[in-house]
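The block underneath contains the structure these notes are about, expressed in structure tokens.
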Ligand SMILES: Cc1cc2nc3c(=O)[nH]c(=O)nc-3n(C[C@H](O)[C@H](O)[C@H](O)COP(=O)(O)OP(=O)(O)OC[C@H]3O[C@@H](n4cnc5c(N)ncnc54)[C@H](O)[C@@H]3O)c2cc1C
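Residue numbers (the numbering used here): 1404 to 1777.
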């Protein structure tokens, strides 16, 4: 009888697992990929897409050929529930899918509860695919308007990159009077990055005329309300707020940490259910703090692939050991980028060229399966 292995989520963390299955399919297994959308967008290139450096195809990976070559059945559906004891996934289509081994990497959600009053003006950056469609529609609807005001909420790397990219995009696409603001508590602005990186980004925001508003803003029907009561009107608010765990995890009985993220050990195995692995933005490590970023999600992929096979073979699993320092390259929307690596920082066109090369190579590696091997 074959072992059924299911991957839930077709994003950054699971691409390497599909590639591993293409190269060396695990014997005696029936393989499935359950994911919300057939296409997955590489988030590192999203700011470049907004700024006009890339067409949508440059950052989009089609999961259909990848799954087919990996020998995996592709199911386009949301996982809405999980019974880890009975090893059953509940899908949005009503199907209950059993598994012997499961890897969960459905990513996090943007925490937008405090922004809900914005209604249609709110554009959460996650999930990325619907965000791209809504941003295009927004820009289309603003053609010919006298002025356009956009805010980005969230002071992490994504928030800073999106504000800089939006400023370029509005100026290029709409011209006329456009205004971009970044709203976040000051102490969260590129938190975790060196002081010199934070200063470089602040200087750049100022130089580009992007207003920075300090504080946790709340959504209002026509914009944002700052903690001191200041009301700011915006035509669109991009939410790049931190990742929170998907709500359905809470009802599963899986061990969780940090307010609902899936608790995993150093080998990315669930702390409560050994038949379940998890990686990327959905997890919290019991042994150490690991930043929720694409870099770690991508690097966890090969470990998940190896550990699924280790369980099949009855051998020891591998640990995911993050490097002490992670290289971050932040796009600034003008074909330049800021490098942040521990205490080292640099900026300019050469840094952008490096980022562009790394990012394109990543997407081409996976998109290439569809173009050349299907
Ligand atoms: C604008 C932006 C820029 C970023 N830039 C960088 C960067 O430069 N460097 C960096 O390191 N990190 C960056 N990040 C963070 C990075 O995108 C995430 O850390 C990374 O995507 C996490 O990978 P993941 O595999 O956990 O989830 P994802 O890549 O989000 O993949 C989740 C997958 O699961 C699917 N899915 C979601 N819910 C369900 C469900 N219920 N059922 C089934 N499938 C589901 C989705 O469709 C998707 O295929 C950026 C994030 C954003 C928003």
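C-beta atoms are modelled at their ideal positions from N, C-alpha and C, and glycine is treated no differently.
Residue i, buried or exposed, once every other Cβ within 10 Å from all chains shown has been counted against 16
| i | result |
| --- | --- |
| residue 1448 | buried |
| residue 1539 | exposed |
| residue 1581 | buried |
| residue 1631 | exposed |
| residue 1601 | buried |
| residue 1543 | exposed |
| residue 1779 | One cannot answer for residue 1779 here, as it falls past the ends of the chain, which runs 1404 to 1777. |
| residue 1495 | exposed |
| residue 1569 | buried |
| residue 1439 | buried |
| residue 1558 | buried |
| residue 1594 | exposed |
| residue 1759 | buried |
Contacts around residue i, its chain only, beta-carbon distance under 6 Å, and the 5 residues preceding and following it disregarded
| i | result |
| --- | --- |
| residue 1561 | 1643 |
| residue 1746 | 1597 |
| residue 1432 | 1405, 1406 and 1408 |
| residue 1777 | Note on residue 1777: pLDDT 38, under 50, position unreliable in the model; the coordinate value appears next. Closer than 6 Å at Cβ, skipping near neighbours: 1468. |
| residue 1457 | 1448 and 1451 |
| residue 1541 | 1639 |
| residue 1775 | Because the pLDDT at residue 1775 is just 47, under 50, the model does not fix this residue reliably, and the value given afterwards should be weighed accordingly. Counting only Cβ-Cβ distances below 6 Å, and skipping sequence neighbours, we find nothing. |
| residue 1476 | 1435 |
| residue 1626 | 1635, 1636 and 1637 |
| residue 1423 | 1708 |
Three-state class that DSSP yields for residue i in the structure shown
| i | result |
| --- | --- |
| residue 1656 | coil |
| residue 1563 | helix |
| residue 1415 | helix |
| residue 1752 | helix |
| residue 1769 | helix |
| residue 1840 | The requested residue 1840 is not part of the displayed model; the chain covers only 1404 to 1777. |
| residue 1634 | strand |
| residue 1724 | coil |
| residue 1625 | coil |
| residue 1760 | helix |
| residue 1529 | coil |
| residue 1776 | At residue 1776 the pLDDT is 44, less than 50, meaning the model places this residue with poor confidence and gives no usable figure here. |
| residue 1442 | strand |
| residue 1591 | helix |
| residue 1572 | helix |
Distance between residue j and residue i (C-alpha atoms, nearest Å)
| i | j | result |
| --- | --- | --- |
| residue 1587 | residue 1427 | 46 Å |
| residue 1546 | residue 1466 | 34 Å |
| residue 1680 | residue 1750 | 38 Å |
| residue 1743 | residue 1733 | 8 Å |
| residue 1685 | residue 1675 | 15 Å |
| residue 1489 | residue 1673 | 15 Å |
| residue 1729 | residue 1591 | 18 Å |
| residue 1410 | residue 1766 | 20 Å |
| residue 1502 | residue 1738 | 45 Å |
| residue 1740 | residue 1513 | 24 Å |
| residue 1508 | residue 1579 | 42 Å |
| residue 1552 | residue 1519 | 18 Å |
| residue 1658 | residue 1719 | 22 Å |
| residue 1575 | residue 1614 | 19 Å |
Boundaries (first-last residue) of the alpha helix (DSSP H) holding residue i
| i | result |
| --- | --- |
| residue 1435 | Note, residue 1435: premise wrong, no alpha helix (DSSP H); beta strand (DSSP E) at 1432 to 1438. |
| residue 1472 | 1466 to 1472 |
| residue 1606 | 1598 to 1610 |
| residue 1453 | 1449 to 1454 |
Delimiting residues of the beta strand (DSSP E) encompassing residue i
| i | result |
| --- | --- |
| residue 1503 | Taken as a continuous stretch (DSSP letters only), residue 1503 belongs to no beta strand (DSSP E), as it is neither H nor E. |
| residue 1484 | 1482 to 1486 |
| residue 1616 | 1614 to 1617 |
heavy atom of ligand 3 below 6 Å from residue i C-beta
| i | result |
| --- | --- |
| residue 1439 | Ligand 3 is absent from the structure shown, which contains only ligand 1. |
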